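Student: Could you have a look at this structure, given as structure tokens, before my questions?
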Amino acid sequence: MMAAGGIGTRPLPSAIARAMGLVRPFASPFRALRRKPLGLVSLVLLVLMVVVTVFAPWVAPYGIDEATDRYAESPSLQHWFGTDHLGRDVLSRVLYGGRVSLLVGFASVVLGLGVGVIFGVLSGYVGGWPDILLQRLVDVFMAVPNILLALTLVASFGAGIGNVTLAIAVGIAPRAARIVRGSTLAVRELPYIEAAESLGMSSVRLMLRHVLPNIMAPIIVIASIQLGVAVIVEASLSFLGLGVPLNVPTWGNMLSGAGLRFMIRAPWMAIAPGIALTLVVVALNLLGDSLRDILDPRLRGSGGRAS
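Count along the sequence shown from 1, add 178, and you get the number used in my numbering.
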């Protein structure tokens with residue numbers, strides 16, 4: 179680029195990156211989902227589930243603990259998913275329970291992914307002994323399955339929504355850091371990064387403005403898949419009595435307790451939350467696969483799913 183008077187101006191690294199097609203617009207993946215029917219259906223299902231659970235007080239036909247005189251009644255026109263042993267509408271409790279299950283899932287993914295992205299970018303960009311130290315720490319955490327790590331932490335620090343969220347996030351962070359580090363290493367060697375460094379741009383600004391936007395593809399994929407993992411772990415902890423308190427309805431709590439005790443007499447008490455949990459987890463995995471194929475096919479089989 180030349181300014182008036184023939185004096186050359188330095189091209190901005192962001193302009194170089196856009197010219198090379200390295201910065202992907204956020205809208206394009208969702209437009210591309212139209213070519214992935216399963217991904218699009220999964221996205222619609224997830225949006226619907228989030229909406230009906232968030233607005234459960236207005237959508238649910240009955241209150242969260244509103245009892246009727248119909249005890250352990252099978253599904254009917256009045257109670258689509260039947261009632262539990264206390265006469266409470268199962269559909270209403272599934273909707274209310276989804277609020278807590280999805281809230282814990284979203285919160286743990288945001289927290290774990292945030293920590294993982296920070297350490298992953300720093301590890302990949304800085305290199306040297308900080309990279310070696312962080313990767314050995316990541317290896318230690320990744321040697322333990324998510325559910326076992328969460329069980330250990332919750333058993334040590336106690337149950338509750340906050341502790342469960344933190345326990346799940348601790349399992350997500352190292353897995354996110356490992357994948358983000360690999361993506362950062364690839365971006366780190368690109369010409370426009372070297373151009374930015376030669377212009378004297380600080381490392382922090384470079385990571386925020388030029389590295390992070392170009393590793394959003396794996397971050398989005400990790401988020402969608404790890405959200406499914408988080409929902410499963412929360413349900414597992416609640417089922418074992420180590421998660422959210424039993425007086426708070428979640429899909430895991432509904433599967434445990436009365437749902438387990440009345441499995442033979444009133445199976446719908448466990449089937450309804452089980453179906454909701456399965457639909458959300460399958461939809462998240464299908465959406466993650468579709469986004470992976472659209473954003474970066476190289477991620478296929480790279481460990482986006484964590485145990």
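Quick reminder that beta carbons are idealized off the backbone N, C-alpha and C, glycines included. Predicted, not measured: the structure shown is a model, and the values here were computed from it.
Determine the extent of the alpha helix (DSSP H) in which L254 is found, giving its start and end residues.
Tutor: Taking the first residue of the sequence shown as position 1, residue 254 is located at position 76. What sits at residue 254 in the sequence shown is Ser, not Leu. Per DSSP, S254 belongs to no alpha helix (DSSP H) and is neither H nor E.
Student: Rounded to the nearest angstrom, how far is the Cβ of A354 from that of L420, given a contact under 8 Å?
Tutor: Stepping through the sequence shown from its first residue, residue 354 is reached at position 176. Stepping through the sequence shown from its first residue, residue 420 is reached at position 242. Not quite, the Cβ-Cβ distance comes to about 24 Å (not below 8 Å), so this is no contact.
Student: To the nearest angstrom, how far is it from the Cα of G466 to the Cα of R359?
Tutor: One-based indexing of the sequence shown puts residue 466 at position 288. One-based indexing of the sequence shown puts residue 359 at position 181. Near 19 Å, if we compare the C-alpha coordinates of R359 and G466.
Student: Figure out for me which residue from M227, A461, L464, A328 has the closest Cα to the Cα of V411.
Tutor: In the sequence shown, counting from the first residue as 1, residue 411 sits at position 233. Per the Cα distances, A328.
Student: Taking the continuous alpha helix (DSSP H) assigned at N431, which residues delimit it?
Tutor: Here the question's residue 431 lines up with position 253 in the sequence shown. From DSSP, the alpha helix (DSSP H) with N431 extends over 429 to 433.
Student: Across the segment 338 to 348 and the segment 383 to 391, are there enough close Cβ pairs to call them in contact, namely three or more that are closer than 8 Å?
Tutor: No, the segment 338 to 348 is not in contact with the segment 383 to 391.
Student: What are the boundary residues of the alpha helix (DSSP H) that L368 is part of?
Tutor: Residue mapping note: residue 368 aligns to position 190 of the sequence shown, counting from 1. Note, L368: premise wrong, no alpha helix (DSSP H); not H, not E.
Student: Just the Cα atoms here: how many angstroms apart are I242 and V426?
Tutor: To locate residue 242, count along the sequence shown from 1; it is residue 64. To locate residue 426, count along the sequence shown from 1; it is residue 248. Near 10 Å, if we compare the C-alpha coordinates of V426 and I242.
Student: Considering only the alpha carbon of each residue, which of I400, S380, R383, L311 lies closest to S361?
Tutor: Here residue 361 is taken as the residue at index 183 of the sequence shown, counted from 1. With distances taken between Cα atoms, S361 lies closest to I400.
Student: For Y303, which of L368, L264, P352 has the nearest alpha-carbon?
Tutor: Here residue 303 corresponds to residue number 125 of the sequence shown, with the count starting at 1. Selected option, being the one with the closest Cα: L368.
Student: On the CB-based measure, 16 or more other CB atoms within 10 Å of its CB, does F335 come out buried or exposed?
Tutor: In the sequence shown, residue 335 corresponds to position 157, counting from 1. Classification for F335: exposed.
Student: If contact is defined by three or more beta carbon pairs under 8 Å, each pair taking one atom from either stretch, is the segment 308 to 320 in contact with the segment 265 to 280?
Tutor: Too few Cβ pairs lie closer than 8 Å, so no.
Student: Take the Cβ of P423 as the centre, count every other Cβ of all protein chains shown within 10 Å, and call the residue buried at 16 or more, exposed below.
Tutor: Residue 423 sits at position 245 when you count from the first residue of the sequence shown. When all chains shown are included, P423 counts as exposed.
Student: How would you label I442, buried or exposed, when you count the other beta carbons within 10 angstroms and need 16 or more for buried?
Tutor: Translated into positions along the sequence shown, residue 442 becomes position 264. So I442 counts as exposed.
Student: With a CB to CB cut of under 6 Å and the five nearest residues on each side skipped, what residues in its chain are close to L269?
Tutor: Indexing the sequence shown from 1 puts residue 269 at position 91. These residues qualify, in order along the chain: W258, F259.
Student: Considering only the alpha carbon of each residue, which of R387, V407, L273 lies closest to P239?
Tutor: As a first step, residue 239 must be located in the sequence shown, where it is residue number 61. Here the closest residue by C-alpha is L273.
Student: Return the chain-ordered list of same chain residues with a C-beta closer than 6 Å to the C-beta of L289, the five sequence neighbours on each side being excluded.
Tutor: Translated into the one-based positions of the sequence shown, residue 289 becomes position 111. A347, listed in sequence order.
Student: Taking just the CA atoms, how far does L218 sit from M447?
Tutor: Indexing the sequence shown from 1 puts residue 447 at position 269. Indexing the sequence shown from 1 puts residue 218 at position 40. Each residue's alpha carbon lies about 30 Å from the other.
Student: Could you name the residues of the same chain whose beta carbon sits closer than 8 Å to that of L462, not counting the 5 residues immediately before and after it, in chain order?
Tutor: The residue given as residue 462 occupies position 284 in the sequence shown. If we look at L462 and ignore the five residues flanking it on each side, its Cβ neighbours are S220, L224, S402, I403, L405, G406, V409.
Student: Have a look at P215, P396, I398, G435 and flag the residue whose alpha-carbon is nearest the alpha-carbon of L415.
Tutor: Looking up residue 415 in the sequence shown gives position 237. It is G435.
Student: Using the Cα positions of S380 and L386, report the straight-line distance between them to the nearest angstrom.
Tutor: Position 202 of the sequence shown, counting from 1, holds the residue named residue 380. Position 208 of the sequence shown, counting from 1, holds the residue named residue 386. Taking the straight line joining both Cα atoms gives about 10 Å.
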